[in-house]
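K.L.:
Below is the structure I would like to discuss, written out as structure tokens.
Protein chains in written order, with my numbering: chain A, 44 to 242; chain B, 44 to 242.
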């Protein structure tokens, strides 16, 4: 006999494909669904499929979007001369939450990673260069994550774009606001000191 | 503009209905689904619906089952004279994993809880009494959780069943194997001492 009966096991297997969901959580979620009404389960199922069928990549910035051109690229309140390059749509959302950035974005959908077999061609770099060639861009802010791969991708993009006479910048490293110097790692602390500003 | 685009938000809202899933995890799961293939997403959706449409309660023990009578009640290797009463199907699975129990089960689908408005009538107690009346039962082991409500339900069932001349037992409380006495609470430790056995 299987540990649980088949439909529950099958649903738990699906939940386990989600990041950070282990065997016990997956089974707990499957039991949660069991306590949903049938219409709730159908609503959940529809939402799952809609994510795959109703979303496209914005023609401009390659962010996920329900329209051909996303709300940010299509809006006339943003500065289309400044492009913030990010790894994934989550980063767009994180920056949007600050409410401070007024330029547009470009989503790479990954970072260069020889270990994972991700080459520049696998990212939306061609699309970025096309935008730079076709539009008047004053600055490209590279906001890939401050990981080894994110830094390498930033360097790669910088060498590609700087020669075109466009200002290329990188988001600052430093001690997080509210953080404690005691717990900051050496590299972060060194960068925080290097990047010090006058008061 | 919504924080994320609509289909992703909607899926994240569904994930948030699962126990212990917060806003960030729900959004992470929704992004995970975005990276599934469309057929994987459909498979997930089908699994969700199957849990609601392909499962019934076993006529005998009220455990969830894909057949009218579950594998345990339908099998002839189990002792049908001993019924272990549990709160939910997860408890059945937990006890089955020990590989030690050879009797059958009865799933109450909850415990008596005046706070949550759950009365004995809302549980599968009638069905349990029917089994006790119709079959030859030698022992009822009450394995509700050792919580206030689980204990109250155990007391309630004991007062109902003992007068019928059937042995009613309760699973033991004590220090978990591999546990540390220092971290055991007072009630558990008192029960462990009360329930001591001779070596």
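Just so you know, even glycine gets a beta-carbon here, dropped at the ideal spot from N, CA and C.
Measure the C-alpha to C-alpha separation of residue 82/A and residue 87/B and round it to an integer number of angstroms.
P.N.:
Roughly 16 Å separates the two Cα atoms.
K.L.:
List the endpoints of the continuous beta strand (DSSP E) containing residue 182/B.
P.N.:
Residue 182/B -> beta strand (DSSP E) spans 182-185.
K.L.:
Under DSSP, the beta strand (DSSP E) around residue 127/B begins and ends at which residues?
P.N.:
Its beta strand (DSSP E) spans residues 122-129.
K.L.:
Three-state secondary structure (DSSP) at residue 107/B?
P.N.:
Note: residue 107/B maps to strand in three-state DSSP.
K.L.:
By Cβ distance below 6 Å, which residues in the same chain neighbour residue 72/A in space, the five residues on each side in sequence not counted?
P.N.:
Excluding residues within five positions, the ones whose Cβ falls inside 6 Å are 58.
K.L.:
So, using beta-carbon positions, are residue 146/A and residue 124/A closer together than 9 Å?
P.N.:
Yes, Cβ-Cβ distance for residue 146/A and residue 124/A is below 9 Å.
K.L.:
Can you have a look at residue 253/B and say buried or exposed, based on whether 16 or more other CB atoms are within 10 angstroms of its CB?
P.N.:
Since the first residue shown for chain B is 44 and the last is 242, residue 253/B is missing from the structure and cannot be characterised.
K.L.:
With residue 148/B as the anchor, note down where its beta strand (DSSP E) starts and where it stops.
P.N.:
From DSSP, the beta strand (DSSP E) with residue 148/B extends over 146-150.
K.L.:
Excluding the 5 residues preceding and the 5 following residue 14/B in the sequence, name in chain order all residues of the same chain whose CB lies nearer than 8 Å to its CB.
P.N.:
The structure shown does not extend to residue 14/B, since chain B is modelled only from 44 to 242, so the question has no answer here.
K.L.:
Distance, Cα to Cα, residue 45/B vs residue 54/A?
P.N.:
The predicted model places residue 45/B with a pLDDT of 47, which falls under 50 and marks its position as unreliable; any figure quoted below should be read in that light. Whole-angstrom Cα-Cα distance: 30 Å.
K.L.:
Pick helix, strand or coil for residue 100/B, following the three-state DSSP scheme.
P.N.:
It is a strand residue.
K.L.:
Run the CB neighbour count on residue 176/A, radius 10 Å, all protein chains shown included, and call it buried at 16 or more, exposed below.
P.N.:
It is exposed - the Cβ of residue 176/A has fewer than 16 other Cβ atoms within 10 Å.
K.L.:
In chain order, which continuous runs of the alpha helix (DSSP H) of length 4 or greater are located wholly inside the segment 156-225 of chain B?
P.N.:
Correct list: 168-177, 191-204.
K.L.:
Among residues of its own chain, excluding the 5 on either side of residue 161/B, which ones have a beta-carbon nearer than 8 Å to its beta-carbon?
P.N.:
Counting only Cβ-Cβ distances below 8 Å, and skipping sequence neighbours, we find 153, 154, 155.
K.L.:
With DSSP run on the structure shown, which of helix, strand or coil describes residue 118/A?
P.N.:
Residue state, collapsed to three classes: coil.
K.L.:
Could you have a look at residue 236/A and say whether DSSP puts it in helix, strand or coil?
P.N.:
It is helical.
K.L.:
So is residue 138/B in contact with chain A if we call contact Cβ pairs under 9 Å?
P.N.:
Not closer than 9 Å to any Cβ of chain A, the Cβ of residue 138/B fails to qualify, so no.
K.L.:
Here's a check: name, in chain order, each residue in its chain whose Cβ is nearer than 7 Å to the Cβ of residue 112/B, leaving out the five neighbours to either side.
P.N.:
Closer than 7 Å at Cβ, skipping near neighbours: 101, 102, 103.
K.L.:
Less than 9 Å between the C-beta atoms of residue 203/A and residue 50/B, yes or no?
P.N.:
No, they are not a contact pair.
K.L.:
So, with DSSP's three-state summary, where would you put residue 18/A?
P.N.:
This structure leaves residue 18/A out entirely; chain A is present only between 44 and 242.
K.L.:
What is the C-beta distance between residue 174/B and residue 107/B, in whole angstroms, given that I count them as a contact (C-beta under 8 Å)?
P.N.:
Actually they are not in contact, since the Cβ atoms of residue 174/B and residue 107/B sit about 17 Å apart, beyond 8 Å.
K.L.:
Express the C-alpha separation of residue 151/B and residue 114/B in angstroms, rounding to a whole number.
P.N.:
Their Cα atoms are separated by approximately 18 Å.
K.L.:
Give the straight-line distance between the Cα atoms of residue 119/A and residue 144/A, rounded to the nearest whole angstrom.
P.N.:
In a straight line, the C-alpha of residue 119/A is about 14 Å away from that of residue 144/A.
K.L.:
With 8 Å as the limit, tell me which residues of the segment 93-112 of chain B have their beta carbon closer than that to any beta carbon of chain A; keep them in chain order.
P.N.:
So the close ones are 93, 94, 95, 96, 97, 98, 107, 108, 109.
K.L.:
Just mark residue 215/A as buried or exposed, buried being the case when its beta carbon has 16 or more other beta carbons within 10 Å.
P.N.:
The residue is exposed, with fewer than 16 neighbouring Cβ atoms inside 10 Å.
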